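Engineer: Supplied in structure tokens, the structure appears directly below.
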Amino acid sequence: MSADGYDHETVERRWQEAWADADVYRTPDDATDPAYVLGMYPYPSGELHMGHVRNYTITDAYARYLRMSGEEVLHPMGWDAFGLPAENAAKERDTNPREWTEECIARMKGQMESMGFGYDWEREITTCEPDYFRWNQWLFSRFHEEGLVSRRDAEVNWCPSCETVLADEQVELEDGVEICWRCDTPVTQRELSQWFLEITRYADELLDAIDGLEGWPDPVRGMQRNWIGRQYGTRLPFEIGEAPGASDEDDTGSTEYGTVEAFTTRADTVFGATFFALAPDHPISETVAEDDPEVRRFVEEEADPEGDEPNGVRTDLTATNPVTGEELPVFVADFVLSDVGTGALMGVPGHDDRDHAFAEKRDVPIEPVVAPVPDDWNPDSGTVPDAPDVSESAFTDDGVLVNSEEYIGLESEAARERITADTEGAEEATQYRLRDWGISRQRYWGTPIPVVHCESCGPVMVPDEDLPVELPEFVNTTGNPLDAAEEWKETTCPDCGAEAERETDTMDTFVDSSWYFLRYVSPDIESAPFDVERANDWMPVDQYVGGIEHAVMHLLYSRFFTKVLADHEGLEHREPFTDYLAQGMVLLDGSKMSKSKGNVVSPQEIVAEYGADTARLFMMQAAQPERDFDWSEEGVRSTHAFLNRLRGMVESFVEDDPDGDDDAVASYVESEIAATVAIATEEYEELTFNRATREAQDLVRTLRQYADYTEPHAETYERGLAAVVRLLAPVAPHLTEELHDELGGEGFVAEADWPDSDADREHAEHRRRLVENTRGDVRDIIEVAGIDDPERIELAVAPDWTYRALEVALESESPNLIGDLMGVEEIREHGDAAADYGQDLQAGREALEPTLAREEERAALESAAWLIEREFDAPVRVVDADPDAGDAEPGRPAIEIVE
RNA sequence: GCGAGGGUAGCCAAGCGGCCAACGGCGGCGGACUCAAGAUCCGCUCUCGUAGGAGUUCGUGGGUUCGAUUCCCUCCCCUCGCACCA
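The first sequence begins at -8 in the numbering used here and counts up by one.
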């Protein structure tokens, strides 16, 4: 391939070295509020894949654009270096995670450099290094001090054979049985003491502040809102007791289980409650199960919270409806989840689909208590709509209350408020779907949780001066290697000095990534995780780019950390990322590239064959950054051909300076250069590199046609080439660096000034359209008239008065224009022509648009005449139309073709 | 089920009230250049017609409007996220 292309390898290496030598991408510590452009740091798997290349080309192109525009730029890179894959790889290869990770990082860093990504490597961070993760530990202690850390039991997936905890992704489903991915042993659930960060305390702010994240895509904002899932409702107290006669032992037990609160968003349906249900692991269910074999059997064997069918078993208990006083049967049911609401609910089969299904199955009464609002509903009329038929399916919308005693006739919303206010013990309550963040991981390759367990003091934080708690040497064992590291575990209690044991869990790696963007600001600081003052100046990240798969967790955790740091560590920003771009996927034949499917295009191979610039430019022009697109070998080749052509043009220009005149053609090219620069700049601002690069490519075509048509004016032509080189520099940095050099440019193009242009985009687009329309008209006429060989072509620009008339028409508000038009002397004097044109304007009134001014139009046509001459091989003249002929209009010259 | 985003010519894809038979690219066809191939350049590429022109189109069916690919509603399909969430 390089036989007919340039030697990209040499070119790329030359400039990569030159950039490194000159520290082009360094951001000095004394920079003032640099533009912070950041791509999500990668997990060091060892291979850069297309998704990475796309992600980092976007940030690199944007960072380069900003740098050329005169901004100071912060564009760092690092490694999300902790995580399970390294641990597994180490086991397989009989090495240790550290070595493995280091090798991967070295390899990927080399690949990044070969792509020409301009990072400030002085700011590189690696989360598995003690210099980094000690601050995870330090932050954990700060969170603890602020009461944002708690420890409680939680269920985890446990493999009895491997003796380890499994992440959800490591549990496979086979024939409905959850098994360990490694040894196929059925997975069990285990309660372990886990550490939690109390993100729920920030739930309201995390939710409400989403409204302010205007630079985030709406779907992501929606996903976060959804994830937090705030719901307003009512907490209702239900007295639980044994049903009369259910037990012959005693009659006193009607309140022996006390009050259970149930959360509901539909307090207006409380009169329709016909049963009450408890989660299988609710304390009362567990107590009942001890004596009631049926309940025990259900809890232990039948309950299937994952299944679609609502199952349940009736107990001997009843629950007293706090509003009606009615005694409701109590079920233990598997669709009631202990971590949703209070783990107990009132069942309203008439107005809830799931309750309806359950009621049918267990033969529980179904009562309608809310009716649809009638079309002609008048709340003051005293009439009450008929109750709906809910025997077949529930009516789940809000409506008007029926069968609800004193609340009959109220609309749902009002009824909820009244019922909540009137009922003793009821109160408004807010529910969240968001849970506290369990960060304990029973694994080796992570940040040790800095806690010591002392028999008398309990869990005690490791004092700051003893941080970091480093990892012991890796041992290949079945369970958690930290558990096996006896010597490491053994320590003394920081409080009482007694013998104690270290916490053997490590932190979720999302902790690492929740603040890494702050560490780049001052990667070497030894006294704090980050330099607060500098972070206040440099943060937030102005443009963040990364995969949509992190739309919830990583971004939410980062927002949470940022808010905590703002509240307690002097950070003056409450949000980490101003603008966030979720880049689309690179597909192959319409489906996601994946190793397991074997449909992968390796960036390394593309770079070897076509070069980094081709790979980068192809990706950026293929689609908008947020869109998925298909990888296409054809597209890559045509991109490569384009770069070669551009290089050829620059070379022949340098070898042999043209000496054409600064004529009309040159002025056309000149104005196209200005238009291209203006439009491409706007597109770069918007990160729509596909449109920006298309503009640059179109300009190359114009320049080529120019040189093809005539001997170009050297200065104009060179200005065009230089503009293209700069406009493409952010995306194809190596070749443009080379071409910049060949054109005699000073310094690096990477540091050159972004071209400026005083062209107005709208004006330029009008001009382009005028030229396009005129060419099309000429083409039509030649075709229709059957002209084989035109002798000359005349373009007659409409007379002055027509422009005046258009102007009047645009401003006029009267129902008929003609009067307004005829009120103007210079129009009226053109008699029939004016009347005709006036009719046209009136007819097309709603669709009128301003055009170029007459002189601009004339100049545009004169400078574009060569395109028509070139196409039809006949001389073109621009003339003034006969002022009374009426066949030319603004934006539409009259065309005469002489055969 | 709920929420979000989509469905445009052979394919990808822009347009998001009048310049729309609908930008651009790919593919296809024809031509120029070449000994030839490639690259490059110039046309054509919904249907009928030599052409003027006519007809049928922007998921489906309605509606608003002088006028809809563009706005509103119904339904169908696709993608993504959430989901026995009380």
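By construction, the Cβ of each residue, glycine as well, lies at the ideal position given by its N, Cα and C atoms.
Since the structure is predicted, the reported quantities are computational estimates derived from the model, not experimental observations.
Taking the beta carbon of residue 559 as the centre, do at least 16 other beta carbons fall within 10 Å, making it buried, or is it exposed?
Structural biologist: Numbered from 1 along the first sequence, position 568 holds the residue referred to as residue 559. When all chains shown are included, residue 559 counts as exposed.
Engineer: Across the region 735 to 748 and the region 4 to 23, are there enough close Cβ pairs to call them in contact, namely three or more that are closer than 8 Å?
Structural biologist: Contact holds: three or more Cβ-Cβ distances are below 8 Å.
Engineer: My understanding is that residue 553 touches residue 563, with C-beta atoms under 8 Å, so please give their C-beta distance in whole angstroms.
Structural biologist: For the purposes of this step, residue 553 is taken as the residue at position 562 of the first sequence. For the purposes of this step, residue 563 is taken as the residue at position 572 of the first sequence. That pair is no contact at about 11 Å.
Engineer: By DSSP, does residue 213 sit in helix, in strand, or in coil?
Structural biologist: Position 222 of the first sequence holds residue 213. Looking at residue 213 - three-state DSSP - the assignment turns out to be helix.
Engineer: Over what stretch of residues does the alpha helix (DSSP H) that includes residue 130 continue unbroken?
Structural biologist: Position 139 of the first sequence holds residue 130. Element bounds for residue 130: 121 to 136.
Engineer: Might you give, ordered along the chain, the residues of its own chain that have their beta carbon closer than 6 Å to the beta carbon of residue 674, omitting 5 neighbours on each side?
Structural biologist: Residue 674 sits at position 683 when you count from the first residue of the first sequence. Here the set comprises 682 and 683.
Engineer: Quick one: is residue 390 buried, meaning 16 or more other Cβ sit within 10 Å of its Cβ, or exposed?
Structural biologist: Start at 1 with the first residue of the first sequence, and residue 390 comes out as number 399. Residue 390 is buried by the Cβ-count criterion.
Engineer: Taking DSSP as the reference, what is the three-state secondary structure of residue 333?
Structural biologist: Position 342 of the first sequence holds residue 333. In this structure, residue 333 counts as coil in the three-state DSSP scheme.
Engineer: Are at least three pairs of beta-carbons, each pair with one atom in the region 849 to 861 and one in the region 642 to 661, less than 8 Å apart?
Structural biologist: Yes: at least three Cβ pairs fall under 8 Å.
Engineer: So, does the region 329 to 338 touch the region 360 to 372, judging by three or more C-beta pairs under 8 Å?
Structural biologist: Not touching, per the Cβ criterion.
Engineer: How big is the Cα-Cα spacing for residue 839 and residue 372?
Structural biologist: As a working note, residue 839 is residue 848 in the first sequence. As a working note, residue 372 is residue 381 in the first sequence. Cα to Cα, the separation comes out at about 54 Å.
Engineer: Which residues share a DSSP beta bridge with residue 323?
Structural biologist: In the first sequence, counting from the first residue as 1, residue 323 sits at position 332. Looking at the DSSP assignment, residue 323 forms a beta bridge with 269 and 304.
Engineer: With DSSP as the reference, label residue 352 as helix, strand or coil.
Structural biologist: For the purposes of this step, residue 352 is taken as the residue at position 361 of the first sequence. Helix at residue 352.
Engineer: Suppose you measure from the CA of residue 842 to the CA of residue 57; what does that come to, to the nearest Å?
Structural biologist: As a working mapping, residue 842 is identified with position 851 in the first sequence. As a working mapping, residue 57 is identified with position 66 in the first sequence. Approximately 34 Å between the Cα atoms of the pair.
Engineer: Terminal residues of the continuous alpha helix (DSSP H) containing residue 698?
Structural biologist: Indexing the first sequence from 1 puts residue 698 at position 707. Counting along the chain, the alpha helix (DSSP H) containing residue 698 begins and ends at 680 to 700.
Engineer: Counting only the same chain and skipping the five closest in sequence on each side, list residues whose C-beta sits under 7 Å from that of residue 92.
Structural biologist: Counting from one through the first sequence, the residue named residue 92 turns up at place 101. Around residue 92: 35, 72, 77 and 119.
Engineer: Report the three-state DSSP secondary structure of residue 586 (helix, strand or coil).
Structural biologist: Taking the first sequence and counting its residues from 1, one reaches residue 586 at position 595. Residue 586: coil per DSSP, three-state reduction.
Engineer: Quick one: give me the first and last residue of the beta strand (DSSP E) that residue 731 is part of.
Structural biologist: The residue labelled residue 731 in the question sits at position 740 within the first sequence. No beta strand (DSSP E) contains residue 731, which is instead part of the alpha helix (DSSP H) from 724 to 733.
Engineer: Identify the continuous beta strand (DSSP E) that holds residue 261 and give its terminal residues.
Structural biologist: Position 270 of the first sequence, counted from the first residue, corresponds to residue 261. Careful: residue 261 lies outside any beta strand (DSSP E) and carries neither H nor E.
Engineer: By DSSP, does residue 317 sit in helix, in strand, or in coil?
Structural biologist: Within the first sequence, residue 317 is the residue found at index 326, counting from 1. DSSP places residue 317 in coil when its eight states are reduced to three.
Engineer: Check whether the Cβ atoms of residue 53 and residue 103 lie closer than 9 Å to each other.
Structural biologist: Mapped onto the first sequence, residue 53 falls at position 62. Mapped onto the first sequence, residue 103 falls at position 112. Cβ atoms of residue 53 and residue 103: not closer than 9 Å.
Engineer: Do three or more CB pairs link the region 402 to 421 to the region 204 to 216 at distances below 8 Å?
Structural biologist: No, the region 402 to 421 is not in contact with the region 204 to 216.
Engineer: Evaluate the contact criterion for the region 425 to 439 versus the region 458 to 475: three or more CB pairs, one atom per stretch, below 8 Å.
Structural biologist: Output reads yes: the region 458 to 475 touches the region 425 to 439.
Engineer: Using the three-state DSSP reduction, which class does residue 444 fall into: helix, strand or coil?
Structural biologist: Residue 444 sits at position 453 when you count from the first residue of the first sequence. Looking at residue 444 - three-state DSSP - the assignment turns out to be strand.
Engineer: Quick one: is residue 871 buried, meaning 16 or more other Cβ sit within 10 Å of its Cβ, or exposed?
Structural biologist: Residue numbering aside, residue 871 sits at position 880 when the first sequence is read from its first letter. With fewer than 16 Cβ atoms within 10 Å of its Cβ, residue 871 is classed as exposed.
Engineer: Would you report the Cα separation of residue 189 and residue 425, rounded to the nearest angstrom?
Structural biologist: Translated into the one-based positions of the first sequence, residue 189 becomes position 198. Translated into the one-based positions of the first sequence, residue 425 becomes position 434. Rounded to whole angstroms, residue 189 to residue 425 spans 10 Å at the Cα level.
Engineer: If you follow the alpha helix (DSSP H) that residue 95 is part of, which residue opens it and which one closes it?
Structural biologist: One-based indexing of the first sequence puts residue 95 at position 104. Start and end: 88 to 106.
Engineer: Going by DSSP, what residues sit across from residue 118 in a beta bridge?
Structural biologist: Numbered from 1 along the first sequence, position 127 holds the residue referred to as residue 118. None; residue 118 has no bridge partner.
Engineer: So, for residue 727: in the same chain, excluding its five sequence neighbours on each side, which residues have a beta-carbon less than 7 Å away from its beta-carbon?
Structural biologist: On the first sequence, position 736 is the one that residue 727 refers to. The residues are 716, 719, 720 and 740.
Engineer: State the DSSP-derived secondary structure class of residue 225, mapped to helix, strand or coil.
Structural biologist: Along the first sequence, one-based indexing puts residue 225 at 234. It is a strand residue.
Engineer: For residue 441, I'd like the list of residues in its chain whose CB is within less than 7 Å of its CB, leaving aside the five on either flank, ordered along the chain.
Structural biologist: Position 450 of the first sequence, counted from the first residue, corresponds to residue 441. Correct list, in chain order: 128, 131, 132, 452, 453, 458 and 460.
Engineer: Would a C-beta distance cut-off of 9 Å place residue 51 and residue 685 closer than the cut-off?
Structural biologist: Indexing the first sequence from 1 puts residue 51 at position 60. Indexing the first sequence from 1 puts residue 685 at position 694. Taking 9 Å as the Cβ cut-off, residue 51 and residue 685 do not qualify as a contacting pair.
Engineer: Excluding sequence positions up to five away, which residues of its chain have a Cβ less than 7 Å from the Cβ of residue 782?
Structural biologist: As a working mapping, residue 782 is identified with position 791 in the first sequence. Answer for residue 782: 865, 889 and 890, listed in chain order.
Engineer: With 16 as the cutoff for other CB atoms within 10 Å, does residue 244 come out buried or exposed?
Structural biologist: Taking the first residue of the first sequence as 1, we reach residue 244 at position 253. Its pLDDT being 44, under 50, residue 244 is placed unreliably by the model, and the measurement read from it follows with that caveat. Exposed.
Engineer: Exposed or buried, what is residue 556 when buried is set at 16 or more other beta-carbons lying within 10 Å of its beta-carbon?
Structural biologist: Taking the first residue of the first sequence as position 1, residue 556 is located at position 565. Buried, since its Cβ has 16 or more Cβ neighbours within 10 Å.
Engineer: Return the bridge partner residues of residue 493 from the DSSP annotation.
Structural biologist: Within the first sequence, the letter at position 502 stands for residue 493. 443.
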